[in-house]
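Here the sequence shown stands for residues 554 to 1489, where the numbers follow the numbering used here. Quick reminder that beta carbons are idealized off the backbone N, C-alpha and C, glycines included. The structure presented is a predicted model; accordingly, all values stated were derived computationally and were not measured. Scroll down for the structure; my scribbles are underneath it.
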Amino acid sequence: MRAGTASSAGGAGAAAPVDTSEPSRVREITAAGVFTALGTSRRGLTPAQVGERLQKYGANELPRARRRGVWRQLGAQFTDLFAVVLLVASAITFLAYGLQQPRDPGTLQLAVAILGVVVLNAAIGFAQEYSAERTAQALEAMVPHTCRVLRDGVRLEVPARELVPGDVVVLEAGDAVSADCRVVEAHELAVNNASLTGESNAVARSADAVTDGPALEARNCVFMGTDVVAGAGSAVVFATGAETEFGRIHRLAAAAPRQRTPLQREVAVMARRVAGAALAIGALMFVVRLPTGESLVPSFVFALGVMVALVPEGLPATLSVSLAIGVRRMARRRALIKRLLAVEALGSTTVVCTDKTGTLTQAEMTVTRVWAGGTALPVTGVGYAPHGEVADTAGVRELLRVAGLCCDARLVPPGGPGEHWRVLGDTTEGALLVVAAKAGLDLGAQERATPRVTEFPFDSDRKLMTTVHRAGASYQACVKGAPAELLARCVDVEWEGRRGPLTARDRASVVTAGDELASQGLRVLAVARREVAVPVPAQEEAESGLTLLGLVGMMDPPRPEVTDAVAACRRAGIRIVMVTGDHPLTGEAVARRVGIVRRPDPVVVTGARLDSLDDAALDTLLAEPSELLLCRVSPEHKMRVVTAFQRRGEVVAVTGDGANDAPALKHADIGVAMGVSGTDVAREAASMVLLDDSFASIAAAVRLGRAVYRNIRKFLVYVFSSNIGELGPILVATFAGFPLVPISAVQILAIDLGSDVMPALALGAERPEPDVMDRPPRSRREPLFSAAVVGRILFLGGIQALCVCAVFFWHIRSSGIPFDDLTEDNPVYREAVTLAQAGIVISQFFISFAVRTDRQSLLAVGPLSNPALLAAGGFGVALMAAISYLPPLQSVFNTAPLDAADWAVLVALGTLPLLADEARKAWLRGRADRRKGAPR
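Right, here's the structure in full:
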């Protein structure tokens, strides 16, 4: 903690008006003169003044970055590698058509069809990107950016965009500074100016006038975009929006390029490999066909069809859809994803380091016990409504008076029907204000009788907060904080109006009482006071030689939904570590209630013990498969634990709400900030924000994160198995010496349009499987195309290819016509290629159901539970029927009408991949059950 004195507004009168956007002028004025210069007062602006200045200066917002125009967004869709490959293929096909003599209409149809596929996918990708941008803007608006101001003498919380020059802003540790301000009051105030200067050290601020040095180094100014890291104070806004120092930098800075996530990079590598393989196989087919005597152009068109069959042109659109749907679903579960990387990492999470207060509990503190002089007095009433009573008020009146004065929070009464009492500020302080009101204390009158003159804000090192008040001709320091830390600074006790020295027996009694309250799951604070001679004493003087008044125990009940969420994480193989600043007994009591601790002997490690462990010893401790609780720890301890887990290869999600949590939130694989109770600094550092602060939202986000990755794999299995089904008959026909193709490039494109793209998009929207949280986390080193994925593609695609080959060559053989006598116009050949195309479409319809689950039976999720997939599959079958029966399409695709017997055969063969996959899943489930039942 940096030592320092409080500086406050003082000095002489008015100053000449200054340019409100020029810090070099504002800093030279005395703190008292700032109010006059900026046309305001210590009470802040009036509502009328705020309205006038909002009209004059505009909203406190930075200019939005120019978004790419609609045409540029649309054009970008055609630069994807798959799109480029198909565009080149279309151009070459157009060229081939121009060179043909005579020209074959089929070649022109192929060129147009390839171009149509590219345009369709570009339209889908554009629509998803545009929708994702709109969604991101809507989601950002769900996290309010607010600040505390004084207006007309009333402390209010207002949107940061409504700040105007002249507003008096209240600053506390953890706040993000929302405008350029001149400090007029500072109590140990320190800021981090890294966003402006690049230096992340805490820099002290004061209210004294400054006459030299660069504007950004003015000790009496704070700037938009910086963070308050310690202390408290107030400041007057002199510049907003684009006129701030941050706004000037924002205007000059070039927009940074978007960084691709690991998943996007992996997909890009896969795209290059697939495109290369498609070109290589297409070239091989071209070389193989030439010796057969076929002319150059038809051989090339044939090879082009092979290449097209292998290009999963719908992959980019489906990837965008899956991620966008995942983000939207998480938002509906009150988890705002700020970075796509978090979606991927969530599916691999192995450790969650979670806070207790507000995350596992409801963050609605209620004092239930007040202890003084060996007696724990009950307090009735719950919540923040000051309704209830304290037993034997007289004995604890002074304790509650001092505790209430040592608070920055404010109780806000209901504003209308349906509203409730709430706290503006820290919830713990809110509970102290409520219990003081229950005891009949008028804290407003007390504050007027003993006005505050200075304060030493709470920090995680001291675990104390002190305020100094004028009491007649003397001054009184009011102190509250952690019992162990405060008790060590006490020399006297005052119980029931009697004051005496704090004996060893008294100390033991206090420790025992604190432990007993903590074992009941209560958060315990100690309260003390002392007399001081001056209004601004040294911090060490104000916080030593104290008189202990007693203890306050407050309950923060667990959230009802957390127990099930903890159980789900346990089943999912995720280790949960509670990280709290509370007493070990309090932490263990809450951990047992929510299911984090179930064994009789959890490992409870305090911050003091962590300090005594070197990195090797800490690694050994974390490697033990024990239930671990970290209590009485600081944000620095949290950062060290996160780093140690990551050294062990764990994927760590960590929660935080304070400014000091920002390093751990940034360093973790998934930093999770609190949207309700969290500071602006924490929310900015995190990759995910919980809009309801609940641990259950983390568990829901993990479940959805796993589903997103699995849905992408489902699409891969679906599309590439289809590609094998298309490529297999072509390869068999080529090496069997069949003179014609069993399925043409135009037919393949029709399959891609009707039976690949739309069902794949529907699979991207598939909901999580019932057992998704019953499996261990996915290793981050596991590639997208894992051995299991490739094996399933070959399994389903191989069955499909065999069935299509069988039905095609069976129809040819049953006609009795030799291969060499067949022509493209032969009815038998046209029926055979129609059977092949329809066979692929029908089997893909059933494969889309098969890939919906990895191990669960289709019956477990319900065959009809994805209406979008049913509609997409139905559209593909309907398109195939139209190609078979409508004369205009028959001429384009060279097809023939199929009879009922043909469709019956195709349906029977099409179900084989689904039935085979169901058998595979049953075998996997049986093997898993046998492993669970095997003795260990």
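- Residue 1029 is bridged by DSSP to 1022, 1084.
- Closest by C-alpha distance to residue 776, out of 763, 749, 762, is 749.
- Taking the C-beta atoms as reference points, residue 1101 is found nearer than 8 Å to residue 1081.
- Listed in chain order, the non-local C-beta contacts of residue 1218 below 7 Å within the same chain comprise 1207, 1209, 1224, 1226, 1235, 1238, 1239, local neighbours out to five positions each way being set aside.
- DSSP places residue 784 in the uninterrupted beta strand (DSSP E) bounded by 780 to 792.
- In this chain, the beta strand (DSSP E) harbouring residue 1009 covers 1005 to 1009.
- Residue ranges of uninterrupted alpha helix (DSSP H) with 4 or more members, entirely inside the segment 820 to 864 and ordered along the chain, are 849 to 863.
- Cβ-Cβ distances below 7 Å link residue 596 to 703, 705, 706 in the same chain, with the five nearest sequence neighbours on each side left out; the list follows chain order.
- A direct Cα-Cα distance of roughly 15 Å separates residue 1352 from residue 1284.
- Under the DSSP definition of a beta bridge, residue 740 partners with 785.
- For residue 1045, the enclosing beta strand (DSSP E) has its first and last residue at 1043 to 1048.
- Residue nearest to residue 1110 within the set 767, 1371, 1139 is 1139 (criterion: CA-CA distance).
- Counting only the Cα atoms, residue 783 lies some 25 Å from residue 717.
- Contact annotation: the segment 787 to 802 touches the segment 719 to 738, with at least three C-beta pairs closer than 8 Å.
- Its chain contains 1016 as the residues whose beta carbon lies nearer than 6 Å to that of residue 1035, once the 5 sequence neighbours on both sides are disregarded; these appear in chain order.
- Here DSSP, grouped into helix, strand and coil, assigns residue 1151 to coil.
- Under DSSP, residue 708 takes part in a beta bridge, and its partners are 703.
- For residue 931, the uninterrupted beta strand (DSSP E) segment begins and ends at 928 to 931.
- Per the DSSP secondary-structure output, residue 925 pairs in a beta bridge with 928.
- DSSP places residue 1158 in the strand class (E or B) of the three-state scheme.
- Closest option to residue 640, judged by alpha-carbon separation, among 662, 669, 1391, 931: 669.
- 8 Å or more divides the Cβ of residue 1373 from the Cβ of residue 1295.
- Proximity to residue 1038 across 942, 1028, 1135 peaks at 1135, based on C-alpha coordinates.
- Between the segment 1173 to 1185 and the segment 1152 to 1164, the count of Cβ pairs shorter than 8 Å is three or higher; the stretches touch.
- Counting along the chain, residue 1429 sits inside the alpha helix (DSSP H) bounded by residues 1420 to 1438.
- For residue 1182, DSSP records a beta bridge to 1131, 1157.
- In this structure, the beta-carbon distance from residue 1420 to residue 1402 does not fall below 8 Å.
- Just so you know, the alpha carbons of residue 967 and residue 609 end up roughly 33 Å apart.
- Within a 10 Å sphere around the beta-carbon of residue 933 sit fewer than 16 other beta-carbons, which makes this residue exposed.
- Residue 774 carries a strand assignment under DSSP once its states are collapsed to helix, strand and coil.
- Taking every protein chain shown into account, the CB of residue 1444 has fewer than 16 other CB atoms within 10 angstroms, so this residue is exposed.
- Around the CB of residue 1164, fewer than 16 other CB atoms lie within 10 Å, so the residue is classed as exposed.
- Collapsing the DSSP output to three states places residue 1098 in coil.
- Here residue 1476 is exposed: its Cβ has fewer than 16 other Cβ atoms, across all protein chains shown, within 10 Å.
- Taking 8 Å as the upper bound for CB-CB distance, residue 1316 and residue 1264 are in contact here, some 6 Å apart.
- Three or more Cβ pairs closer than 8 Å define a contact, and the segment 877 to 896 falls short of that threshold against the segment 850 to 857.
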